[in-house]
Amino acid sequence: MFLLSQKPSIADHYLAELRDVNGQKDRMRFRRNMERVGELLAYELSKTLTFKTEKVQTPLGQASSRSLLQPVVLATILRAGLPFHQGFLSIFDRADNAFIGAYRGHHINAEEEFTVEMDYITSPDLTGKILILIDPMLATGRSMEKVYHALLRFGIPSQTHIASVIASPEGVDYLQKRIPHCRLWLGAIDQKLNEQYYIVPGLGDAGDLAYGEK
Ligand SMILES: O=P(O)(O)OC[C@H]1O[C@H](OP(=O)(O)OP(=O)(O)O)[C@H](O)[C@@H]1O
Ligand SMILES: O=c1cc[nH]c(=O)[nH]1
Ligand SMILES: [Mg+2]
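Shown next, in the form of structure tokens:
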């Protein structure tokens, strides 16, 4: 697991702005900060990927350079994932993209807590590719797990990464138990979930803050 907030950096500043209830009134800044955390996590993640060496012709000679060995697919859960996705896409600018419409639905019983409704999914072939699953809020982890398994019908990726801006300890635990082969890339891990399964202190409802209340 990689945790961006483990070492002090400018990322802390972006996270603070995302959380700040007054700053959140500026939706454009909120979305841009989501993007910026995405850019930083994408860069950190890129350090773990495999590169092939190539020669590039410059006007003055040949330079040795590196390019990604395997294609990347960025898979994002709507809505809240969109600006975070854009940050990843700025870094992995040649990636193909998958989109999933998923949201937390009604409560069904005390154990299952709520259903995750999924009504749209589109993806390129994932076979042998690097899959990066992107959703800024990792609360219970149920949306992420459901979407990961649904995506496998498009092929088995060579490796899967999961990226979130803020996670709960419960969500991290859930994913580490259910899909332990997926590597986690997180901005911060907060204290807990509340009774409505929102992350505390978290930042509130990321989808509403980026795009308005449903
Ligand atoms: O880890 P979980 O408990 O599954 O919860 C996390 C999910 O909840 C939020 O989506 P939401 O249902 O608010 O939809 P939205 O993006 O349209 O606001 C968030 O963006 C995740 O997709
Ligand atoms: O804290 C949370 C949990 C789920 N979705 C959000 O947007 N925020
Ligand atoms: Mg929401």
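If you count by UniProt numbering, then the sequence shown holds residues 1 to 214, one letter each, in order.
Ideal placement from N, C-alpha and C gives every residue a C-beta, glycine not left out.
Exercise for the section: Starting from residue 161, follow the beta strand (DSSP E) in both directions and report where the run begins and ends. Expected result: For residue 161, the enclosing beta strand (DSSP E) has its first and last residue at 159-167.
Practice task
Would you be able to state if there are at least three C-beta pairs under 8 Å between the region 45-64 and the region 4-18?
Solution key: Judged by Cβ distances under 8 Å, the region 4-18 makes no contact with the region 45-64, as fewer than three pairs qualify.
Exercise for the section: Answer yes or no: the CB of residue 87 versus the heavy atoms of ligand 3, is any distance below 7 Å? Expected result: It does not: the Cβ of residue 87 is nowhere closer than 7 Å to a heavy atom of ligand 3.
Problem - Buried/exposed call for residue 38, threshold 16 Cβ in 10 Å - result: Residue 38 sits buried, since 16 or more C-beta atoms from the chains shown fall within 10 Å of its C-beta.
Practice task
Examine ligand 2 and report whether any of its heavy atoms sits within less than 7 Å of the Cβ of residue 211.
Solution key: Outside the cutoff, so no.
Practice task
Taking residue 139 as the reference, give the member of 172, 125, 123 with the closest Cα.
Solution key: Ranked by how close their Cα comes to the Cα of residue 139, the residues 172, 125, 123 have 172 in first place.
Practice task
Please name the residue or residues paired with residue 101 in a DSSP beta bridge.
Solution key: Beta bridge pairing from DSSP links residue 101 with 78, 120.
Practice task
With a threshold of 7 Å, establish whether the CB of residue 144 neighbours any heavy atom of ligand 1.
Solution key: Yes.
Exercise for the section: Could you tell me whether any non-hydrogen atom of ligand 1 is closer than 7 Å to the CB of residue 116? Expected result: Checking every heavy atom of ligand 1 against the Cβ of residue 116, one is found closer than 7 Å.
Exercise for the section: Tell me, please, whether the region 121-140 touches the region 185-197 by the rule of three or more beta-carbon pairs shorter than 8 Å. Expected result: With the cut-off at 8 Å, the region 121-140 and the region 185-197 touch.
Handout entry: Buried or exposed (CB count within 10 angstroms, at least 16 for buried), residue 145
Key = Sixteen is the threshold: when 16 or more other Cβ atoms of the shown chains lie within 10 Å of the Cβ of residue 145, as they do, the residue is buried.
Handout entry: Expected contact under 8 Å - CB spacing of residue 165 and residue 84 to nearest Å
Key = Contact flag correct, Cβ pair sits at about 6 Å.
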